[in-house]
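What follows is a set of notes on a single structure, which appears directly below.
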Amino acid sequence: MYGWRATLGFIVPSSCLVFEQEFARLTRTLDGVIGVPARLLITACDAEGLRAMNEQINLAAAQLATCDPDLVAYMCTSGSFMEGDAGDEAIRRRLHERTGKPAISTSQAVVAACRELGLRRVAMLTPYDEDLTRREVAWLGRNDIEVVDFAFRDIPDNLDRGAQTPEESFRHARRLRWREADGVFLSCGNVRYLEIVDLLERHTGKPVVTSVAAMSWLALRSADIADRLQGFGRLLAEH
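Here's what the structure looks like:
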């Protein structure tokens, strides 16, 4: 039986091309752990499009429930922080009610990862528009994480986000004022950040959190999978 240690259910936007590949990459050495996806139709990545996407959560949760996962995870950073902590908590409550399983979200994972690493001040890179990025800055601030510098790449199409190269993301991230921060946060589960985490940590000398790494870490630890994973940053290697 696959998933004999843990079956993790993930709800992802329909046009997300990165998360499943990165999760598979970082868990390839973990015997008995699998991720099972369900998708939410998304036609626009702005606030209105994310709200429309979230209306489908109940169906996606019901689909995942048929796999009897150990937990259910909402894997969309902007979709979970957009309405603040109350909106994020509502998403997790709906997932738990529909599946009877523990439920986590990307926003919850990001905050937990920053706290685990002791990051109170971060430099942040996003692919979002200015509106969503400033909402994220405010949401992090309400969780006692100050964004000392940020850059938004304003990439409206989700397929275009998934097509960005790690090298492009590295060039943008290294221009941030990371020396003023405790660490770097690379936001969005549909941008290829995982391949540059170790390099960016060596370049800055600071911890780097990505949406995928944070979600993967919280999902694994919540399922009592304590294996340390090398090559993807301090969070997964040391915590």
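Under the numbering used here, residues 5 to 243 are what the sequence shown spells out, in order. Every residue, glycine too, gets a C-beta built ideally from N, C-alpha and C. Bear in mind the structure is a predicted one, so any value in this text is a computation, not a measurement.
- For the set L129, E184, G13, the Cα lying nearest the Cα of R96 is the one of G13.
- Considering only N58, V188, V195, D161, the residue with the shortest C-alpha distance to L204 is V188.
- With at least 16 other beta carbons inside 10 angstroms of its own, R196 counts as buried.
- Spatial neighbours of G166 in its own chain (CB-CB distance under 6 Å, excluding positions within 5 residues in sequence) are listed in chain order as L21, V22, N194.
- A check of alpha carbon separations from E24 across N58, C80, A66 identifies C80 as the nearest.
- Per DSSP, S215 is one residue of the alpha helix (DSSP H) stretching across 215-226.
- For M79, no alpha helix (DSSP H) run applies, since DSSP gives it neither H nor E.
- In this chain, the beta strand (DSSP E) harbouring L129 covers 125-130.
- As the crow flies, the alpha-carbon of P41 is around 16 Å from that of N58.
- For the options T47, A28, E101, I46, the alpha carbon positioned closest to that of I38 is the one of A28.
- Taking C-alpha positions only, R138 is separated from K105 by approximately 32 Å.
- Of all alpha-carbon atoms in Y132, K210, A241, the one lying nearest the alpha-carbon of A48 is that of Y132.
- Secondary-structure assignment with DSSP links F189 through a beta bridge to M128, V213.
- Where V114 is concerned, the enclosing alpha helix (DSSP H) starts and stops at 110-121.
- In the displayed model, G104 falls within coil according to three-state DSSP, outside both helix and strand.
- Counting along the chain, G13 sits inside the beta strand (DSSP E) bounded by residues 10-17.
- Minimum Cα-Cα distance from F154 among the listed residues V16, A51, A177, V115 corresponds to A177.
- V22: not part of any alpha helix (DSSP H); DSSP gives it neither H nor E.
- Between the region 64-79 and the region 115-124, the count of C-beta pairs closer than 8 Å stays below three; the two stretches do not touch.
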